[in-house]
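So the working numbering is basically just the index in the sequence shown, starting at one, shifted up by 21. C-beta: ideal position from N, C-alpha, C; glycine also. Scroll down for the structure; my scribbles are underneath it.
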Amino acid sequence: MGVVVNHFFSLISEKQAVKKSTSESVSLADFQNLIRDMYYEKDARRGVDGTFMWLMEEIGELAAALRDGSHEERTEEFADVLAWLTTIANVADVDLTQAVIGKYGAGCPGCGQLACTCPNEEKP
């Protein structure tokens, strides 16, 4: 897995001129750009509907990993779900950073607090 992580961050550095940090963090925008650079042509041909089906498959795999999988399997499936969600955002021309900031940047969308105070039964 270390080789994959190192390759991932070297791709980001090459494509986005992002420097590796000791924490090996990457911004949501950089991740979205990386996924776009790697897969957009194929993703655009598949379209939102076809890509959504791949996301649903990965969500099923994540559910199985959460139920019975190892930590490594759960970690990989979370990464897959995030990648496919990002792919759909790219095909649908949605900037995930702006979407997240717009919805959650000022706090919980239900109560407006940074630490949600909505009643437990509410979704926010």
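Query raised in the report: Helix, strand or coil: how does DSSP classify residue 42 here?
Result: Since pLDDT at residue 42 reaches only 44, below the 50 mark, its modelled position is unreliable, and the value read off the structure follows with that caveat. Coil, per DSSP.
Query raised in the report: Taking the C-alpha atoms as reference points, what is the distance between residue 57 and residue 136?
Result: 33 Å
Query - Beta-carbon contacts of residue 83 that lie in its chain and below 8 Å, excluding the five residues immediately before and after - result: 95, 98, 99, 101 and 102
Query raised in the report: Considering only residues of the region 45-97, which uninterrupted beta strand (DSSP E) runs meet the minimum length of 3 residues and lie entirely inside it, listed in chain order?
Result: none
Query raised in the report: Going by beta carbon distance, what residues of the same chain come within less than 6 Å of residue 118, once the five residues before and after it are set aside?
Result: 49 and 50
Query - Anticipated Cβ contact below 8 Å, residue 68 with residue 112, distance rounded - result: 7 Å
Report task. Round the Cβ separation of residue 106 and residue 76 to the nearest angstrom and send it over; I've been treating them as touching at under 8 Å. Result -> 6 Å
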